[in-house]
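Okay, so here's the structure we're looking at.
Numbering (my numbering), first residue to last: 910 to 1041.
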């Protein structure tokens, strides 16, 4: 009986420790890196630097951080018209990524918005669903 009690106490402590250290944004960023590597890296490159004058950079870009709704819409629906970033006009079209689930879209946005010098609050699957 003492072994069972000790085991249950240890299991409870481990569960509590895991819960206390759970960080939803960090978990989303980890998942989002994989989504980025499969869906975004071939155009925006590994470090989000983009390719002038076709593909805009994602690193250190304020509009991605400051306007989460626009960032979500761009991932879901793509972008047809040119976009000017830091004085450079990028003319390549971004294909829509509407096949991503709400969670995958949130995860990749959290990865992009919190990598390469970017820092932004979490985007949730519910945020994405509202923009879809």
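Just so you know, even glycine gets a beta-carbon here, dropped at the ideal spot from N, CA and C.
C-beta atoms of residue i and residue j nearer than 8 Å
i	j	result
residue 1005	residue 978	no
residue 1027	residue 937	no
residue 1008	residue 1037	no
Through-space distance from residue j to residue i, alpha-carbon basis
i	j	result
residue 955	residue 946	8 Å
residue 953	residue 1021	10 Å
residue 997	residue 930	42 Å
residue 1011	residue 995	30 Å
residue 949	residue 973	15 Å
Residue from the options with nearest C-alpha to residue i
i	options	result
residue 1024	913, 961, 935 and 929	935
residue 991	1037, 1002 and 983	1002
residue 1031	1038, 1019 and 1009	1019
* Taking only runs of the alpha helix (DSSP H) that begin and end inside the segment 911-999, which ones reach a length of at least 4 residues, in chain order? -> 911-929, 933-948, 950-953, 971-975 and 977-986
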